[in-house]
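Down below is the structure, laid out as structure tokens.
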Amino acid sequence: MEHYQPDFLYSDGGLPFGEVGRTLVADFYNRNMAAHGGKLEAVYTCKSFNAGTGEFRAGSCVQDVERGVMPGINPLPWQTDTSVGDWFYNKHWKYQPIDWTVHLLVDIVSKNGNLLLNVVLRPDGTLDPEVETMLGQLHGWFAVNGEAIYGTRPWLVYGEGPLRVKGGAFKEDFNFSAKDIRFTTKGKTLYAIALGWPAENKFVIRALAKTGDAERNKIKPIELLGEKCELKFTQTADALTVELPVGKPGALTCALRITGSNLQPVTPPTTSSAILPDANGNLCLPAKAAGLHGRQL
């Protein structure tokens, strides 16, 4: 820290070395504030948990969830660290597809999180062709959809859709579809991002349905990121339905720029799938599949 003044510090576990570790982090923050006129721009992430409860110990660092996500919006900023492949070069490891990276990113940002993505290098510092292709695709996606990610904050709910994502480390492979929608905000603008291109070119958002309150969810122009025209829409007590153009700017996601007044969700953020009995009529309710645990109950 004395010689290189890093902006980012990460430890793969809890804060180490007791009082010595706490002093080190305090010094890290103080040096950074001194270099930025009293404004803290440094970030320290770790996995600091209370041994007795299993809950994250906030205050000293930003929570890092390795290869995982949060189940909902976290009030404190947090981070996922993951990789497009193994953590190091491994020719036997299959790289993740571009839709996996984009959908994971959107889900994380909608929940007040940040994605730290490891891009695997060969031993000589070059990239495999698959990785170069993926980075080019990611660049193209950000050129269209970056405004719905950078500088945004969560909405009142993170999203809606049939897939209920379970939080925790090492849980990052999800079968998202265009019916899964995530929200971000920037000022008075609301972004709705479908994780795929909606069927029949109709983007249906149940959270923005019309209510009995005439001043609630008053929708003004809606635009598709990547296009310059306003979109036609209808708003009923069931949902806001937006008509999309036939020529889609990309198949990975579909992002809408929505303006209006008093925009508040009117439906739960997600709909969970029904649990059906097996062939013998038995219902299996394993504890590990529960959405709430411990002190969350």
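Heads up: the sequence shown begins at 824 in the working numbering, then just goes up one per residue.
Note that beta-carbon positions come from the ideal geometry of N, C-alpha and C, so glycine has one too.
Beta carbon proximity, residue i to chain B, threshold 7 Å
| i | result |
| --- | --- |
| Gly-982 | As a matter of chain content, chain B is missing from the structure shown, which is built from one protein chain. |
DSSP-derived helix/strand/coil call for residue i
| i | result |
| --- | --- |
| Ala-1017 | strand |
| Ala-1078 | strand |
| Asn-968 | helix |
| Thr-1093 | A caution first: Thr-1093 carries a pLDDT of 45, below 50, which makes its placement in the model too unreliable to give a value. |
| Trp-1130 | Here the chain has residues from 824 to 1120 only, and residue 1130 is not among them. |
| Val-848 | helix |
| Pro-952 | helix |
| Glu-825 | coil |
| Glu-1046 | strand |
| Asp-904 | strand |
| Ser-1000 | coil |
| Leu-961 | helix |
| Asn-935 | coil |
| Gly-1010 | coil |
Beta-carbon gap between residue i and residue j smaller than 7 Å
| i | j | result |
| --- | --- | --- |
| Leu-1048 | Ala-1078 | yes |
| Asp-904 | Leu-939 | yes |
| Val-1065 | Ile-1045 | yes |
| Arg-854 | Glu-995 | no |
| Val-929 | Arg-1005 | yes |
| Trp-964 | Val-988 | no |
| Arg-1039 | Gln-960 | no |
| Arg-976 | Thr-1008 | yes |
| Ser-990 | Met-893 | The sequence shown places Gly at residue 990, rather than the Ser named in the question. Yes. |
| Tyr-912 | Arg-945 | yes |
| Val-943 | Gly-974 | no |
| Ala-1037 | Ala-1017 | no |
| Gly-841 | Ser-871 | no |
| Ala-1060 | Val-1027 | no |
CA-to-CA distance, residue j to residue i, given in whole angstroms
| i | j | result |
| --- | --- | --- |
| Ser-933 | Met-824 | 33 Å |
| Thr-1094 | Glu-983 | Residue confidence is low: Thr-1094 scores 45 on pLDDT, short of 50, so the model does not pin down where it sits. Its coordinate-derived value is still stated next. Each residue's alpha carbon lies about 7 Å from the other. |
| Val-1069 | Leu-1075 | 15 Å |
| Thr-846 | Phe-993 | 31 Å |
| Leu-1099 | Phe-997 | 20 Å |
| Cys-869 | Leu-1067 | 42 Å |
| Trp-901 | Val-866 | 11 Å |
| Ile-931 | Ile-896 | 9 Å |
| Pro-1092 | Asn-935 | Residue confidence is low: Pro-1092 scores 45 on pLDDT, short of 50, so the model does not pin down where it sits. Its coordinate-derived value is still stated next. Cα-Cα distance, rounded: 15 Å. |
| Thr-949 | Ser-834 | 26 Å |
| Cys-1052 | Gln-1058 | 19 Å |
| Asp-830 | His-962 | 24 Å |
| Pro-839 | Leu-958 | 35 Å |
Residues that DSSP places opposite residue i in a beta bridge
| i | result |
| --- | --- |
| Phe-993 | Answer is none; Phe-993 lacks a bridge partner. |
| Ile-1028 | Leu-1063 |
| Cys-869 | Gln-886 |
| Gln-1058 | Leu-1063 |
| Arg-945 | Answer is none; Arg-945 lacks a bridge partner. |
| Arg-1005 | Gly-982 and Ile-1016 |
| Asn-1103 | Asn-1103 is not bridged to any residue. |
| Tyr-833 | Thr-868 |
Residue i: CB within 6 Å of a non-hydrogen atom of the ligand NAP
| i | result |
| --- | --- |
| Met-856 | In the structure shown, the ligand NAP is absent, as is every other ligand, since no ligand is present at all. |
request  = Could you say if the stretch 946-955 and the stretch 904-921 meet the contact criterion of at least three C-beta pairs nearer than 8 Å?
outcome  = yes
query = Pairing CB atoms from the stretch 885-893 with CB atoms from the stretch 847-858, are three or more of them under 8 Å?
reply = no
query = Is it a yes or a no for the stretch 1006-1020 touching the stretch 970-990, going by three-plus beta-carbon pairs under 8 Å?
reply = yes
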